[in-house]
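Colleague:
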Amino acid sequence: MSTASPSIPRPLVRTNQWVIVLSVVVSLITNQYWLLLIPLLSGLIGLFFHFNPIMALAKSFLRKPLNTYIPEDKQQQKFNQTIAVSCLFIAFISFLLRWTIVSIVFSLIVGLAAFIAILGFCIGCYIHFHWSQYRQRRLQAQNQSK
1 MSTASPSIPR PLVRTNQWVI VLSVVVSLIT NQYWLLLIPL LSGLIGLFFH FNPIMALAKS
61 FLRKPLNTYI PEDKQQQKFN QTIAVSCLFI AFISFLLRWT IVSIVFSLIV GLAAFIAILG
121 FCIGCYIHFH WSQYRQRRLQ AQNQSK
């Protein structure tokens, strides 16, 4: 019996990150903010229906068996995707409302976070780790005060 947690092959995660980065860059350069809908809708579908169209498309280009690629933790990626979708949603709605500064800031936040993750440092993972540590310390403090 395997005790490994569910995972996603790294090339699929990287493809999703690149789509976010490129969508943000192109939307900011061209003022075609509807391009943010590509990673936004794909991310929402992934979170709600456990099927990410971008990753599904990228999967068809993989040549090796999925288990031969470096795995990324599925739960961690879900946490990261929730942050990305939230920022993309705020950015897109802000563009529609013509809140230019808010829209640019949230677009840049998600775009930079995805690009930094591609470079090797996962900001979402860092946040998730420290949030988990905080919750654990709080739980221990509650248990000790009983």
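Be aware that the sequence shown starts at 1, since it is given in full-length UniProt numbering, and climbs by one per residue. Here a beta-carbon is modelled for each residue, glycine too, at the ideal position from N, C-alpha and C. Keep in mind it's a predicted model, so treat the numbers as computed, not measured.
Buried or exposed: where does S107 fall if 16 or more other Cβ atoms within 10 Å of its Cβ makes it buried?
Modeller: Under this definition S107 is a buried residue.
Colleague: Can you give the Cα-Cα distance for P11 and C122, rounded to whole angstroms?
Modeller: One C-alpha to the other measures close to 15 Å.
Colleague: Less than 7 Å between C-beta atoms, sequence neighbours within five positions excluded: which residues of the same chain meet that for K59?
Modeller: Excluding positions up to five away in sequence, the list reads L12.
Colleague: Tell me, which residues are paired with S7 by DSSP?
Modeller: Per DSSP, D73.
Colleague: M55: which of I104, L22, L35 and W18 sits nearest, CA to CA?
Modeller: Ranking the options by Cα distance to M55, first place goes to W18.
Colleague: Please work out which residues of its chain come closer than 6 Å, Cβ to Cβ, to Y126, disregarding the five sequence neighbours upstream and downstream, and give them in chain order.
Modeller: There are no such residues.
Colleague: What would DSSP say about L119, mapped onto helix, strand or coil?
Modeller: DSSP places L119 in helix when its eight states are reduced to three.
Colleague: Considering only residues of the UniProt domain "DUF4395" (8 to 131), which uninterrupted beta strand (DSSP E) runs meet the minimum length of 3 residues and lie entirely inside it, listed in chain order?
Modeller: Segments of the beta strand (DSSP E) lying fully in the UniProt domain "DUF4395" (8 to 131): 71 to 73.
Colleague: Got a sec? Which residues, its chain only, sit under 7 Å from F89 by beta carbon, not counting five neighbours each side?
Modeller: Cβ neighbours of F89 beyond the five flanking positions: L40.
Colleague: CB-CB under 8 Å to I118, same chain, minus the five flanking residues each way: which ones, in chain order?
Modeller: Only R14, Q17, W18 and V21 meet the Cβ criterion.
Colleague: Closer than 8 Å by C-beta to V26: which residues in its own chain qualify, once you throw out the five before and the five after it? Chain order, please.
Modeller: Within the same chain, V26 has close Cβ partners Q32 and L35.
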